[in-house]
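One rule links them: number in my numbering = place in the sequence shown (from 1) + 7.
Think of the CB as a built atom: it goes at the ideal place given N, C-alpha and C, for glycine as much as any other residue.
Heads up: the structure comes next, in structure tokens.
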Amino acid sequence: MDDPENTDTDFARARVSFPGEEARLPWLAMLLDAYAIVDTGVAIAIKEQEEERGVKLACRKGCEACCTQSDIPVYPLELVGLYWFAAEKISGPERDTLKQNLIFHTKGRPCPFLMECACSVHAIRPVSCRQFNVFGEPCAPGEDPFFTRRDDVLTPVKAYTNRAFSVMLPFYDVKETTDEAVDRIINGEVINLQSFDWKKLVRTMEGYDSRNP
């Protein structure tokens, strides 16, 4: 398994950049760095699983099974990122559709950011979404493969996950970078995206609209 500290090329390829916004919002660079580490680890793990087990990734564009799960973990820094992206980056008819999704979202419905079988916040989607990958057959409607065929679900590489969350630690005012500190964040700060009151985001979006007509 590759060392998270020694995958500079993969990291650079995986990292999404918003230079102007990153200069204005210090937390954004931190979040995007963390996501690039996660994406690098996921890409390496998928390749290894495909080669070792002789299986292929089932996930494809247009598949929305992971977006309909009842529990989608998200962390406070990720939530800030979602608020920013929705308020400042989504525009036009998609923005109006997203507002309606957020207003009427309740637990049990698909993720409110799912629009026309695609993720409207894909560039800044949470770690849990990035790491949810299934091999073999695509998920059946309503299937949670964690329970029906756990062996087909990618197990994230802990070294990459820990490294990514360690990059986020300053946001939580945590100065130590030990695995124990990371575990405290992972176990103590998690929110279920499906249970969150997304009407708050609608108010943020409308506030942004009023300032930027």
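Residues that DSSP places opposite residue i in a beta bridge
i      : result
Val81  : Ile198
Ala50  : DSSP lists no partner for Ala50.
Val23  : Note: Val23 sits in no beta bridge, so no partner.
Arg116 : Lys114
Val160 : Val141
When the options are compared against residue i, the one with the closest alpha-carbon
i      : options                           : result
Leu176 : Thr104, Glu196, Leu208 and Arg157 : Glu196
Phe142 : Thr185, Asp78 and Gly61           : Gly61
Glu123 : Glu101, Glu144, Gln56 and Ser24   : Glu101
Phe92  : Lys182, Cys126 and Cys70          : Cys126
Ala63  : Glu144, Arg156, Phe154 and Ala166 : Correcting the residue identity first, residue 63 is Lys in this sequence and not Ala. With distances taken between Cα atoms, Lys63 lies closest to Glu144.
Ser77  : Gly214, Pro152 and Asp40          : Pro152
Ile193 : Pro133, Ala72 and Thr104          : Pro133
Ile51  : Val164, Arg210 and Ile198         : Val164
Ser135 : Thr104, Glu59, Cys73 and Pro148   : Cys73
Gly69  : Ala166, Phe25, Gln138 and Cys146  : Cys146
Ala41  : Glu213, Arg137, Val209 and Ala188 : Arg137
Gly27  : Glu183, Gly99 and Glu95           : Glu95
Asp103 : Pro220, Arg156, Arg218 and Glu213 : Glu213
Ala36  : Lys207, Ile131 and Gly99          : Ile131
Integer-rounded CB distance, given that residue j should sit under 8 Å from residue i
i      : j      : result
Ile53  : Ala171 : Going by Cβ atoms, the distance from Ile53 to Ala171 rounds to 16 Å, so no, they are not a contact pair.
Pro119 : His112 : 4 Å
Leu200 : Ile79  : 4 Å
Pro117 : Glu71  : 7 Å
Ser24  : Leu39  : 7 Å
Environment of residue i [buried if 16+ CB atoms lie within 10 Å]
i      : result
Thr168 : buried
Phe154 : exposed
Gly48  : buried
Ala30  : exposed
Ala21  : buried
Asp216 : exposed
Val81  : buried
Ser173 : buried
Asp186 : exposed
Ala190 : The amino acid at residue 190 is misidentified as Ala; the sequence shows Asp. Exposed, since its Cβ has fewer than 16 Cβ neighbours within 10 Å.
Closer than 6 Å: residue i CB and nearest the ligand MN heavy atom
i      : result
Asp186 : With respect to the ligand MN, the structure shown offers nothing to examine, as it has no ligands at all.
### Query
Can at least three beta-carbon pairs, one atom from the region 159-174 and one from the region 103-117, be found at a separation below 8 Å?
Contact fails: fewer than three Cβ-Cβ distances are below 8 Å.
### At least 3 beta-carbon pairs within less than 8 Å: the region 173-187 vs the region 75-95
yes
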